[in-house]
Amino acid sequence: MSALIYKQRFFHPNKPKTAVSNYCHIGYIATRPGAVRHDAKNHGLFGKLKPGEMQIFDSWQEVARTVRDISQQGKNMFRGIISFRRETAMELGLSNFTAWQQYIEQHIATLAAQNQIKTENLCWAAAFHNEIDHPHLHVVFWDKKQEIMKNYTSPQVPNRIRKQLIKDTFAYKIKQFIAMRDQAKSGVSEITDQLVSEFENYLKQLNPKAFRAFQQRFEIDDEDSLLLFPKHHLVEPSSVKKLAEQLFQLRQQMPKSGRLAYKLLPPESKTLLDKFVQNILQENRYLDQMVDDYVKAKINLAMLYDSIPDHLNRQRAKYQAEAEKRIANRILSTVRNIIQLEKDASFNIKQANWQYAMTEQLVLELLNMMEGLAMNAQMDYDDKSKLMGGDLSKQAKKEWLLRNKDKGFDR
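Position in the sequence shown (first residue = 1) + 8 = this note's numbering.
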């Protein structure tokens, strides 16, 4: 049980997908629902990539590109989370975005020191997620001068970081606790690990139910988010219930025979499916955002070789339709599963809990699909724009891209 939770992980630099995973992780912590965003920006990322003042980054993509490039060099990218109970954060004055920025800036040196990173070589980026029951901060940090790749970090490293953060964060409260417990003693000169453990046990006894819930909530969700971001909190139960009713109504309107594929549907069925796609986008704003991000990234790529407004407008409509068609086909996949289950005499597909579960799974699959498409489109744009960022003239770049369009450079 802890007054403060700290977790730390990293993907092995030698794994093929590590660089891409680290790129996506930056995008997720900067833009996921719950992330507090900067004014007039679509992200909440801040940190230091060079000595000096803490930076509010112009875009999360610039940091993600840096992280991916450094990952490809074989350097470790450490992912950390610092979390408090809401009540504890309020008592500490961590009540707004600025306070959390100041907190990590004050304590990032602890994370660096325990990972053998010199302060002058430390680079980091962070984002604050203002979750209702456990506000927390995601931080990615690395050693820009690292020469030896790390294959393993002992669990004692994050544990030592957690204890040091508690010592530094709760120093005054710990001394108050000791003074209250041992009134005959005075003037505690050093906060030891033993005192930290006693202080945490004391807090646990004050409200064991709340602390247990805090621990379990973190272990289930935020532990996973260091590697794979969970998505269940992006789905509202009331929304799923509404969509479940619509999904099973849609199933009744599908053709009784033939292959269920978007391009093969009769016009009336296709119209109903298109309407359901729009309903899902309206009910889940994050899914709608991912579609928008996908379209924007594809348009940015198109603008590398075409700046005619009419052309770009047609491209935008094309990419929007492409994303919605992908969603529609994924919905049809779920409808096919429903039809198969209906043939199983032992399975009661009409039960509301099964309908809810299948609809929730569908929405989660759509979120996963569109997140991946949006991130891949963004990375594709990053790669092509970097490639075209040399000394070629604008006309030469345009001609180069047009020559290579059929080779996949427009995708």
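For each residue, glycine too, the CB sits at the ideal point set by N, CA and C.
As the structure is a prediction and not an experimental result, all values here were calculated from the model.
Within the same chain, Cβ atoms closer than 6 Å to the Cβ of Ala331 are found at Val299, Tyr302, the five residues on either side in sequence being excluded. With distances taken between CA atoms, Gln290 lies nearest to Ser247 out of Ala305, Ser247, Leu272.
Scanning the stretch 9 to 77 from its first residue to its last, the whole beta strand (DSSP E) runs of 3-plus residues come out as 13 to 17, 54 to 56. Taken in chain order, the unbroken stretches of alpha helix (DSSP H) that lie wholly in the stretch 247 to 325 and span 4 residues or more are 275 to 291, 293 to 310. Within the same chain, Cβ atoms closer than 6 Å to the Cβ of Asn138 are found at Val44, the five residues on either side in sequence being excluded.
With a cutoff of 9 Å on beta-carbon distance, Val165 and Leu258 are scored as not near each other. Rounded to whole angstroms, Gln386 and Met262 show a C-alpha spacing of 35 Å.
Remark: fewer than three beta-carbon pairs, one from each stretch, lie closer than 8 Å, so the stretch 38 to 52 and the stretch 91 to 103 are not flagged as touching.
DSSP places Arg87 in the strand class (E or B) of the three-state scheme. Per DSSP, the continuous beta strand (DSSP E) segment holding Phe136 begins and ends at 130 to 137. Taken through DSSP and simplified to helix, strand or coil, Val243 comes out as coil. DSSP places Leu100 outside any alpha helix (DSSP H), giving it a letter other than H or E.
One alpha carbon belongs to Gln286, the other to Ile13, and they sit about 40 Å apart. Gln114 and Glu368 have their alpha carbons spaced roughly 41 Å apart. Distance from Leu119 to Ile156 at the Cβ level is roughly 19 Å; contact not present, criterion being Cβ atoms closer than 8 Å. Under DSSP, Leu145 forms a beta bridge with Ile90, Phe136. A straight-line Cα-Cα distance of about 6 Å links Phe86 and Arg17. Taking Leu309 as reference, the option from Ile37, Ser29, Ser277, Ala382 with the minimal CA-CA separation is Ala382.
One Cα belongs to Glu253, the other to Leu349, and the distance between them is close to 17 Å.
Contact annotation: Ser67 and Leu145 have beta-carbon atoms that are not nearer than 9 Å. Pairing Arg94 with Gly42, the inter-Cα distance amounts to about 14 Å. Between Lys25 and Asn84, the C-beta gap is not smaller than 9 Å, which leaves the two residues out of contact.
Pairing Val148 with Val28 gives a Cβ-Cβ distance that is not under 9 Å. Here Asp352 carries a coil assignment [DSSP, helix/strand/coil].
A direct Cα-Cα distance of roughly 16 Å separates His46 from Lys56. Of Gly380, Ile316, Asn356, Arg267, the smallest CA-CA separation from Ser341 is found for Arg267.
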